[in-house]
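Colleague: Questions regarding the structure given below will be posed in turn.
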Amino acid sequence: MSLPATPRVNSAMLSAHIGKTVRFVGKIMEQNGTRAFMSAPDKGQVEIHMNETSQYGTQFIEVIGVVNSDHSITEMASTNMGNDFDLETYNQAVITMQQFPTLF
Amino acid sequence: MSNYRPYTGGNQGQGFIQDSFSSDTGATKKITNHTLRPVTIKQLLSIPRTNSDGDYKIDGHDLGQITLIAVVRVFVRQATQHIYHIEDGTGEIDGKRFTVDDEDPAEYDNIVEGTYVRIVGNLKEYQQRLSVNVHSIRPIKDKNEITYHLLEVIYTHVNFTRSKIGGTNMNNMGMMMPTSQNNFNNHSSAGVDGLSVKTGDLPQKIAEMFQNRPNKDVSVHRRDIISKFAPVVGSAEAVNNVVESMIQNGFVYTVEDDDHLQFTY
Numbered sequence: 001m002s003l004p005a006t007p008r009v010n011s012a013m014l015s016a017h018i019g020k021t022v023r024f025v026g027k028i029m030e031q032n033g034t035r036a037f038m039s040a041p042d043k044g045q046v047e048i049h050m051n052e053t054s055q056y057g058t059q060f061i062e063v064i065g066v067v068n069s070d071h072s073i074t075e076m077a078s079t080n081m082g083n084d085f086d087l088e089t090y091n092q093a094v095i096t097m098q099q100f101p102t103l104f
Numbered sequence: 001m002s003n004y005r006p007y008t009g010g011n012q013g014q015g016f017i018q019d020s021f022s023s024d025t026g027a028t029k030k031i032t033n034h035t036l037r038p039v040t041i042k043q044l045l046s047i048p049r050t051n052s053d054g055d056y057k058i059d060g061h062d063l064g065q066i067t068l069i070a071v072v073r074v075f076v077r078q079a080t081q082h083i084y085h086i087e088d089g090t091g092e093i094d095g096k097r098f099t100v101d102d103e104d105p106a107e108y109d110n111i112v113e114g115t116y117v118r119i120v121g122n123l124k125e126y127q128q129r130l131s132v133n134v135h136s137i138r139p140i141k142d143k144n145e146i147t148y149h150l151l152e153v154i155y156t157h158v159n160f161t162r163s164k165i166g167g168t169n170m171n172n173m174g175m176m177m178p179t180s181q182n183n184f185n186n187h188s189s190a191g192v193d194g195l196s197v198k199t200g201d202l203p204q205k206i207a208e209m210f211q212n213r214p215n216k217d218v219s220v221h222r223r224d225i226i227s228k229f230a231p232v233v234g235s236a237e238a239v240n241n242v243v244e245s246m247i248q249n250g251f252v253y254t255v256e257d258d259d260h261l262q263f264t265y
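Sequence order for the protein chains is A and H.
At position 22 of the first sequence (counting the first as 1) the number is 22 in full-length UniProt numbering, and the numbers step up by one without a gap.
At position 201 of the second sequence (counting the first as 1) the number is 201 in full-length UniProt numbering, and the numbers step up by one without a gap.
Below, the structure written as structure tokens:
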């Protein structure tokens, strides 16, 4: 079993990761069947094509998925991130992580 | 190291003395092994592999215990051990935990595949394959702990890799200090030696100003720094910004109020 490395991204970084698998944390704004719209750590809005089987149980969700050319994400797996997650601090962490490719 | 066997029997009387000499390095290693370092899996996997047993280094520092946050992807319970296949977005690795008779089943019952856990353990290598020997594993309740861990990993790395005095533009400062201390009487010219002082040199000059004070127990007022360097740099704000960044980077700290400053060393 091999899992790809999944860089943590905010909405601004999606364009640099088209076709790649990423790790994205957001807050659910709207959910309609298997389509969800999430508010990104850097305030952008990101469309998620949900996995058929996945159920979002909390406000904040971490999605692992592939970035499409329209900057939406097709989910492979997701994790509940609770109802009290500090997206702003997380965004700062994600941006800072870019400077340390040897660590992440 | 091949004859380092402190606890084997053999000829005990002599052996003890010999071992206490030959195991000298081993003894110090044991002590440093009590450190706990926050890491990512990528850091573990990119450790240069040597043949020496269990001698791992990250950023030039011996690795003792490690702590990491990852998602459990596969959880296998065997009779004698539990195997957690974990992944944190930077890489994947196996965590192994030997079962003991008196353990609390609650500790592993609440480990669920697909959720984040905090692991404390140490790095092990068996047949060229790295794994984490898990001492403790618990689910992450407050997910902000993930952000915290990411930042702590960066902080620890930066702390170990940058020189004590900090970033690249301040690298020379440590070397310059002793000489400027020797040229004690020249210090007034050091800060104001012509118009050549740029903002890039300013941290050094400010450090020299702190270093060259006659009485180092007395704090320096922010306005003294600004009034000394503002004419050279051209703007009081620029000087103040540099002072702020020196405070933020830990070279300078505030004493009785925000304007009275002391140098870190």
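Think of the CB as a built atom: it goes at the ideal place given N, C-alpha and C, for glycine as much as any other residue.
Given a cut-off of 9 Å, decide if residue 44/H and residue 69/H are closer than it, judged by their beta-carbon atoms.
Modeller: No, these two residues do not count as a Cβ contact at 9 Å.
Colleague: Between the segment 69–96 of chain A and chain H, which residues of the former have CB atoms less than 9 Å from a CB of the latter, in chain order?
Modeller: Answer set for the segment 69–96 of chain A: 77, 78, 79, 80, 81, 82, 84, 85, 86, 89, 90, 92, 93, 94 and 96.
Colleague: So, helix, strand or coil for residue 47/A, using DSSP?
Modeller: Here residue 47/A sits in strand by DSSP.
Colleague: Would you say residue 201/H lies against chain A (beta-carbon separation less than 9 Å)?
Modeller: It does not: the Cβ of residue 201/H has no partner Cβ on chain A nearer than 9 Å.
Colleague: Whose C-beta lies closer than 6 Å to the C-beta of residue 262/H among residues of the same chain, with five residues either side of it excluded?
Modeller: Cβ within range, chain order: 219, 253 and 255.
Colleague: Consider the Cβ of residue 100/A: report whether some Cβ of chain H lies at a distance smaller than 9 Å.
Modeller: So, interface residue.
Colleague: Let me check understanding here. Comparing Cα to Cα, which of 108/H, 142/H and 148/H lies closest to residue 266/H?
Modeller: Residue 266/H lies beyond the residue range present for chain H, which begins at 1 and ends at 265; the question has no answer from this structure.
Colleague: Please name the residue or residues paired with residue 222/H in a DSSP beta bridge.
Modeller: Partner(s): none; residue 222/H has no beta bridge.
Colleague: Give the straight-line distance between the Cα atoms of residue 107/A and residue 227/H, rounded to the nearest whole angstrom.
Modeller: The first residue shown for chain A is 1 and the last is 104, placing residue 107/A beyond what the model contains.
Colleague: When the Cα of residue 40/H is compared with those of 83/H, 49/H, 71/H and 223/H, which residue comes out closest?
Modeller: Measuring from the Cα of residue 40/H, the nearest candidate turns out to be 71/H.
Colleague: For the candidate residues 216/H, 260/H and 234/H, whose alpha-carbon lies nearest to that of residue 304/H?
Modeller: Residue 304/H lies beyond the range of chain H shown here (1 to 265); nothing can be said about it.
Colleague: Look up residue 103/A in the DSSP assignment and say whether it is helix, strand or coil.
Modeller: Three-state result, residue 103/A: coil.
Colleague: Quick check on this structure: which residue in 126/H, 135/H, 159/H and 125/H has the alpha carbon closest to the alpha carbon of residue 310/H?
Modeller: Residue 310/H falls outside the range modelled here, since chain H spans only 1 to 265, and no answer is possible.
Colleague: Step through the CB atoms of chain A and report whether any lies within less than 9 Å of the CB of residue 116/H.
Modeller: Yes, because at least one Cβ of chain A sits closer than 9 Å to the Cβ of residue 116/H.
Colleague: Counting along the chain, where does the alpha helix (DSSP H) carrying residue 245/H start and finish?
Modeller: It spans 236–248 - the alpha helix (DSSP H) in which residue 245/H sits, taken as one unbroken run.
Colleague: Just the chain H side, please: which residues come within less than 7 Å of residue 8/A by C-beta, in chain order?
Modeller: Going along chain H in sequence order, the residues near residue 8/A (Cβ under 7 Å) are 89.
Colleague: Between residue 141/H and chain A, is there a C-beta pair that is closer than 9 Å?
Modeller: It does; some Cβ of chain A falls within 9 Å.
Colleague: Along the segment 150–162 of chain H, where does the CB come closer than 8 Å to a CB of chain A? Name the residues.
Modeller: Those residues of the segment 150–162 of chain H that come within reach of chain A (Cβ to Cβ, closer than 8 Å) are 150, 151, 153, 154 and 157.
Colleague: Closer than 8 Å, Cβ to Cβ, to anything on chain A: give me those residues from the segment 44–73 of chain H, in chain order.
Modeller: Of all residues in the segment 44–73 of chain H, 46, 71 and 73 have a Cβ within less than 8 Å of some Cβ in chain A.
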